[in-house]
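Residue numbers (my numbering): 4 to 411.
The C-beta atom is built at its ideal place from N, Cα and C for all residues, glycine as well.
Owing to the predicted nature of the structure, the values given are computational and were not obtained by experimental measurement.
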């Protein structure tokens, strides 16, 4: 069916309605619930979704406040808009926010690694060294070609890998306030074409998987991508008991079984409880590229006992376990949080409102960094709450109460 041939000058809402009418007629489907109000459309069918015929509403719930101590030294109470269809998720994150805030808040820091793209060139294995050296000698020129594609892009670093008959050049770029995947792709194309012509080597692709965009990889976990964020909090025995209804020792034992032993047996790349849940909910609510949840799932969460560290020299003495485990520290390391505050889905009206809510209290950090660090803190809230539910064997009950479909 023809969904493109529409009268010139037709406004967005009417274009979408006409496409939906044609689809309903052609396929005999009822799509009336995909109707979307004109103020929520803006240029979505031109910039965000081809052949747009409607929108699917995703419920958005609120969790918080969550006290976050940002890397800038500033402390802010943040509210989290979570877009999800999974019952119990918002309630769980909200409980984690309460517990962490009562415990004194979450301490976060981050490092911006930049957005990456990997070009692949066809090179005979015997010429790896020569071509690698040539690329390094021409670095100033191909960087200039890349940076000429946008006034908001700067190449931060590069790396060369060689295998079989392929040579890979990976660039990491600062993309200003945008998440920047498209921006870096365009820059990589310019750099790749320059090198291909200059060195007479075929450019095979500007997306050669070493950047592992939207795929889990050991390279991304090791080197990071976008923002690498770390979040940490310390909870007293009183907070654990009163807010999480659990015992410190039970949290430690469950974390050991799930995060260490279970993850090792499964060979997971991310040793966490459900980091992807929180990342996905915040990405969808704020207009991020939801597929980058894949990289977010590479997070590692760990639990340690502060008292146990202090009494390690007395390991052979008879010490009350409740005294040993009176305080715990929970830590989450997220090597790849890929976000932006400009462009893409962040420009859509509803998503922009959620983003503004999340960043309502602006710190001295760049907005993109504040967003990444906020997501790291939110993940920690989700992690500690789910850990408590599993340690007390109340996870199934929570889903029965919040998430069970009445028809089942």
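{"query": "What is the C-beta distance between residue 383 and residue 236, in whole angstroms, given that I count them as a contact (C-beta under 8 Å)?", "result": "6 Å"}
{"query": "Alpha carbons only, please: which of 288, 197, 4, 182 is nearest the one belonging to residue 59?", "result": "288"}
{"query": "Please classify residue 352 as buried or exposed, where buried requires at least 16 neighbouring CB atoms within 10 angstroms.", "result": "exposed"}
{"query": "Would you call the CB atoms of residue 348 and residue 290 closer than 8 Å?", "result": "yes"}
{"query": "Closer than 8 Å by C-beta to residue 331: which residues in its own chain qualify, once you throw out the five before and the five after it? Chain order, please.", "result": "237, 238, 243, 251, 254, 255, 306, 307, 308, 309"}
{"query": "Looking only at its own chain, which residues have a Cβ that is under 6 Å from the Cβ of residue 394, when we skip the five neighbours before and after it?", "result": "249, 253, 254, 257"}
{"query": "Any chance you could list the alpha helix (DSSP H) runs of at least 4 consecutive residues sitting entirely within the segment 27 to 83, in chain order?", "result": "47 to 50"}
{"query": "For the beta strand (DSSP E) containing residue 219, list its first residue and its last residue.", "result": "Per DSSP, residue 219 belongs to no beta strand (DSSP E) and is neither H nor E."}
{"query": "Counting Cβ pairs, one atom from each stretch, are 3 or more of them under 8 Å apart for the segment 94 to 110 and the segment 122 to 130?", "result": "no"}
{"query": "To the nearest angstrom, how far is the alpha carbon of residue 218 from that of residue 298?", "result": "7 Å"}
{"query": "Output the boundary residues of the alpha helix (DSSP H) element that contains residue 153.", "result": "Careful: residue 153 lies outside any alpha helix (DSSP H) and carries neither H nor E."}
{"query": "What is the residue span of the beta strand (DSSP E) that residue 1 lies within?", "result": "Nothing in the structure corresponds to residue 1, since the chain is present only between 4 and 411."}
{"query": "Based on the DSSP secondary-structure assignment, which residues constitute the bridge partners of residue 303?", "result": "336"}
{"query": "Just to confirm, is the Cβ distance from residue 374 to residue 362 under 8 Å?", "result": "yes"}
{"query": "Leaving out five residues before and five after residue 152 in sequence, what residues of the same chain have Cβ atoms less than 6 Å from its Cβ?", "result": "189, 190, 193"}
{"query": "Does the segment 82 to 93 come into contact with the segment 176 to 184, if we say contact requires no fewer than three beta-carbon pairs (one atom in each stretch) closer than 8 Å?", "result": "no"}
{"query": "According to DSSP, is residue 239 part of a helix, a strand, or is it coil?", "result": "strand"}
{"query": "Residue 381 and residue 83 - do their beta-carbons sit closer together than 8 Å?", "result": "yes"}
{"query": "Could you give the first and the last residue of the continuous alpha helix (DSSP H) run that contains residue 122?", "result": "No alpha helix (DSSP H) holds residue 122; the beta strand (DSSP E) holding it covers 109 to 125."}
{"query": "On the criterion of 16 or more Cβ atoms from any shown chain inside 10 Å, does residue 358 qualify as buried, or is it exposed?", "result": "buried"}
{"query": "Pick out whichever of 108, 269, 159 has its Cα sitting closest to the Cα of residue 81.", "result": "108"}
{"query": "Nearest to residue 329 by CA position, among 241, 9, 164, 276, is which residue?", "result": "241"}
{"query": "Per the contact definition of three or more C-beta pairs closer than 8 Å, is the segment 335 to 342 in contact with the segment 39 to 46?", "result": "no"}
{"query": "Return yes when the Cβ of residue 385 is within less than 8 Å of the Cβ of residue 295, no when it is not.", "result": "no"}
{"query": "Could you give the first and the last residue of the continuous alpha helix (DSSP H) run that contains residue 389?", "result": "370 to 394"}
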